[in-house]
Amino acid sequence: MFAHALSGITARPARLAAVLAAIVLGTLFLAATAVFTATSAAGMRLVAAAPLTAADVIVDRDPDAPDPGADWPAHVAGHPGVTATAPVHAATVELVTGEARATTNVYSVSDRPELRWFELSEGVWPTGAGEVVADGPTLESAGLAVGDTVRLLADGEEAEVTVVGAADLGFRPLTGVVYRLYASEDFFAGESPQSVTARVGAGTSPEEAVAGLTASLPGGLHAMTAREQAGLAADRFAGGSRQLELIMLVFALIALLSASLVITNTFTILVSQRRRETALLRLVGADRSQVRNLVLAEALVVGSVGSALGVAAGVGVGYAGASLAGLAGDGLHVGVPALAGSFLAGVAATLCAAWFPARGAASTAPVEALRSASLPGGVRFRAVHGAGLALAVLGTAGTVFGAWADDLPAAIAGGSLGAVGLLVFLRYALSRLIRAAGGLLLRRRGVPELAGANLRRATGRSATAALTLVLGLGLITALLTAAETGRATIDGDLDARFPVDVSARVDEGSVDPGTVDLIRGIDGLALVEAPRTARVEIAGLGGTTLVGVSPEMARAAGSAAVAQDGPGPPALLVSADQARALGAATGDTVDLAVDGRPHPFTLHVSALATVSGSPGPVVREEVLDSLAPGGERGVVWGVAADGADTDALAGRMARIAGADPRIAVNGALAERGDLTGVLDVLVGLALAMLLVTVVISGLGVANTLGLSVLERTRELALLRALGLTRGGLRATLAVEAAVIAAVGALLGLLIGVPYGLVGVKAVIGGTAPLVVAVPWSGTALVLAAALLIGIAATLLPGRRAARIAPAQGLGVD
């Protein structure tokens with residue numbers, strides 16, 4: 001059986017090339033996911049456990065228990081068997097370099113050499129509160145060198161420190177901050193440490209030391225061996241990677257599903273082409289099971305070879321991905337069970353995909369040996385298609401219900417059910433659409449008419465090829481729609497919460513006039529103003545900063561009530577919390593004592609009162625002049641012009657903030673950059689993974705056309721004899737591919753856009769009003785990409801068709 005299968009494969013290897021390529025790509029994705037996960041998890045464990053590698057024991061304090069004081073490490077240092085201790089501190093500060101400023105973590109490094117867990121590549125260890133060591137990535141990102149002086153801001157206080165050394169950690173830290181510094185214990189003088197690491201003497205084991213410390217330490221302190229603590233830290237650190245692993249696995253399975261469709265289509269066409277050969281086998285004594293097993297044996301051989309190649313390539317791709325992400329610090333880690341599972345999944349997918357074509361081959365009657373080979377027809381509507389349509393409708397309804405009811409699990413379940421139903425039903429729907437498109441082409445003479453006739457003769461296999469495109473391009477469209485709607489929703493939410501795009505404030509006095517001029521000079525800001533501020537006492541609100549704005553800024557920030565200077569009490573903008581404290585609502589007239597003097601106001605709840613980071617009621621500038629005359633200008637507000645490059649604005653504002661450490665920056669720009677940056681990374685990663693599915697789809701279209709050329713050799717030769725040129729043959733195939741690609745892409749768009757909208761609504765829930773945005777440019781690119789895939793898919797089949805000589809039409813089947 002296998003000898004016969006091998007001879008059939010080696011005799012015509014090109015016919016199964018697409019199957020081999022599809023299964024290689026599918027299993028490559030699975031294996032790469034497994035290797036990436038194992039390697040990155042080991043790398044993250046290394047990173048998490050690194051600070052504990054020099055210690056034997058660690059003692060933590062309970063964060064919920066009362067602070068034991070700064071001297072509690074003495075309980076550990078005085079324990080018998082402990083030879084060295086080091087308090088562990090960590091603080092979050094802002095580092096100011098003169099060019100920019102960013103959140104920075106400062107960690108303690110022990111004064112005892114035996115408890116230091118990294119080495120220096122340059123410089124010396126810090127010995128005082130004014131000295132720090134920085135790791136390589138921090139020095140590179142901040143543009144610093146050993147010997148430079150930087151400023152650190154924390155809790156309104158500023159300190160200058162000198163970078164005296166460069167730390168060689170041996171890996172890239174995975175913290176969520178930009179910069180990392182390491183300081184001596186003097187930097188944290190007077191602070192209670194989070195934990196204490198300890199070394200024990202030669203005659204004491206870490207377990208014995210832990211037992212003794214547990215019995216003698218005060219309440220709220222817990223001892224553990226460094227090995228146990230490192231394991232717990234590694235588990236916590238690596239836990240977040242499981243979500244990425246799951247996402248990658250889902251996309252890998254989608255790619256494998258697309259490969260299965262290509263395999264099914266290929267074997268269906270091959271079985272159809274070999275129908276007379278199969279009938280002859282039946283005539284000479286082969287039974288149904290032998291015919292079926294012959295097809296499955298071919299699938300097993302091709303699936304095994306393709307899966308082995310895919311797994312081998314996946315190891316390299318997975319390790320390369322982990323290295324590029326900076327997660328391969330512990331070297332290559334390969335899980336043999338996971339790779340074996342990837343191999344078996346590829347083989348199983350090939351066999352399952354070939355099962356129905358094999359059953360079709362087994363049903364071949366011996367008498368068919370006397371007939372000419374015939375092309376497969378269309379797809380008949382069957383009960384399974386009706387069931388798929390019903391599942392699609394029910395699943396879609398469940399998804400919509402879950403999305404608008406803020407029930408994410410229900411939306412996911414409904415979406416999964418709907419996707420299964422669509423996959424079952426769409427082959428029939430695509431068959432009908434391709435047949436209709438072919439009918440339209442029949443109305444045109446020449447090449448379109450030939451292409452239309454060919455499409456209508458074998459709509460079933462064309463529908464399967466188009467289905468792979470629907471799968472890949474539909475998911476891409478859904479992602480693009482979700483991303484565009486997500487960005488629009490983020491923008492709408494930020495506009496509601498931040499009426500101005502840029503806000504800079506100082507805690508006392510006025511913003512430096514030079515800083516105000518720098519902000520005014522930022523390209524893309526349509527209006528910049530430094531409003532007057534005054535510190536006042538308002539009855540019911542206590543001490544607060546009152547801001548006086550111009551009518552122009554009030555209107556630009558969407559607070560027209562403040563800009564109006566009509567009869568009646570002036571408008572006072574307050575935060576929602578302040579309105580509740582006053583027991584009033586928008587539109588109420590209230591009498592408030594400002595610095596002991598009563599004044600009537602019309603109250604309005606507005607986000608402008610909190611845009612600078614802390615509640616600050618807002619009035620018109622003339623009103624503030626009458627309430628509290630003065631000259632302080634403690635805030636600067638800016639409104640971006642329509643269509644301004646928000647990323648460029650945010651970068652320019654960050655550099656200004658780096659030059660003036662007194663200002664605190666708020667506003668929509670800061671948050672928009674963080675949120676959209678994360679969204680862009682996630683969407684980019686997902687699109688990159690879906691490209692594998694699109695490539696497999698292109699292989700499916702090319703394979704369908706290529707096998708069609710082999711199947712129609714006599715017909716194409718006769719067309720050549722009747723005057724059809726080589727260019728005409730290529731054009732015919734190009735039109736067929738373009739129709740298949742266009743139908744698949746259009747249906748993918750019709751499915752992807754609503755699914756993307758419903759999906760992002762399910763994720764966002766009630767956290768913000770949904771702002772619908774269709775990525776028109778993205779959908780145009782999807783259509784263009786589909787047509788490009790179709791045209792590219794005709795290159796090899798077109799060359800093969802062009803080589804057919806007219807004399808081949810005289811041959812005998």
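Going by the UniProt record's numbering, the first residue of the sequence shown is number 1, and it counts up by one from there. No residue lacks a Cβ here, since even glycine has one placed at the ideal position from N, Cα and C.
Asked, Found
"Taking 6 angstroms as the limit between beta carbons, can you name the residues of its chain near Leu795, skipping five residues before and five after?", "none"
"According to DSSP, is Asp591 part of a helix, a strand, or is it coil?", "strand"
"Which residues bound the alpha helix (DSSP H) around Ile476?", "Thr459 to Arg497"
"Excluding the 5 residues preceding and the 5 following Arg520 in the sequence, name in chain order all residues of the same chain whose CB lies nearer than 7 angstroms to its CB.", "Val528"
"Between the C-alpha atoms of Ala328 and Ser40, what's the straight-line distance to the nearest angstrom?", "6 angstroms"
"Starting from Val334, follow the beta strand (DSSP E) in both directions and report where the run begins and ends.", "Here Val334 belongs to no beta strand (DSSP E), and DSSP marks it neither H nor E."
"In whole angstroms, what separates the C-alpha of Ala702 from that of Thr399?", "35 angstroms"
"Please report how far the alpha carbon of Ala466 lies from the alpha carbon of Ala413, in whole angstroms.", "26 angstroms"
"Under three-state DSSP, which class holds Glu94?", "strand"
"What is the C-beta distance between Ile764 and Gly303, in whole angstroms, given that I count them as a contact (C-beta under 8 angstroms)?", "Wrong, their Cβ atoms sit about 42 angstroms apart, outside the cutoff."
"For the region 642-652 against the region 542-551, do three or more pairs of beta-carbon atoms, one drawn from each stretch, fall closer than 8 angstroms, so that the two count as touching?", "no"
"Would you mind stating whether Val164 and Val133 have Cβ atoms separated by less than 8 angstroms?", "yes"
"Roughly how many whole angstroms lie between the Cα atoms of Ala18 and Gly306?", "10 angstroms"
"Report yes if the C-beta distance between Ser192 and Ala34 is below 8 angstroms; otherwise report no.", "no"
"Would you tell me roughly how many angstroms separate the C-alpha atoms of Ala322 and Gly331, rounded to the nearest one?", "10 angstroms"
"Considering only their Cβ atoms, is the gap separating Thr97 from Gly566 smaller than 8 angstroms?", "no"
"Could you tell me how far apart the beta carbons of Val635 and Val511 are, in whole angstroms, since I believe they sit closer than 8 angstroms?", "7 angstroms"
"For Asp512, does the three-state DSSP call read helix, strand or coil?", "coil"
"Buried or exposed, going by whether 16 or more other CB atoms sit within 10 Å of the CB of Thr364?", "buried"
"Whole angstroms is fine: what's the gap from Arg535's alpha carbon to Gln578's?", "16 angstroms"
"With C-beta atoms as the reference, is Ala556 less than 8 angstroms away from Val639?", "yes"
"Hey, Leu408 and Leu391: beta-carbon distance below 8 angstroms or not?", "no"
"Are there 16 or more other CB atoms within 10 angstroms of the CB of Arg633, so buried, or fewer, so exposed?", "buried"
"Mark Leu324 as exposed unless 16 or more other C-beta atoms lie within 10 angstroms of its C-beta, in which case mark it buried.", "exposed"
"Pick helix, strand or coil for Trp72, following the three-state DSSP scheme.", "coil"
"Return helix, strand or coil for His385, following the three-state DSSP convention.", "helix"
"Which same chain residues end up closer than 7 angstroms to Glu185 when comparing Cβ atoms and leaving out the 5 residues on each side of it in sequence?", "Pro87, Ser108 and Asp111"
"So, using beta-carbon positions, are Thr350 and Ile263 closer together than 8 angstroms?", "yes"
"Give the single residue among Val393, Leu296 and Trp125 whose Cα lies nearest to the Cα of Ala348.", "Leu296"
"Using the C-alpha atoms, what's the distance from Ala32 back to Ile751?", "29 angstroms"
"Should Leu232 be labelled buried (16 or more other beta-carbon atoms within 10 Å of its own) or exposed?", "exposed"
"Nearest-angstrom Cα distance between Ala159 and Phe343?", "58 angstroms"
"So, at 7 angstroms on beta carbons, what are the nonlocal neighbours of Thr214 in its own chain, with the 5 sequence-adjacent residues on each side left out?", "Ala223"
"Taking the straight line between their C-alpha atoms, what separation do you get for Gly421 and Val384?", "10 angstroms"
"Rounding to the nearest angstrom, what Cα-Cα distance links Leu25 and Ala259 in this structure?", "8 angstroms"
"Hey, would you say Val665 sits closer than 8 angstroms to Pro617, going by beta carbons?", "no"
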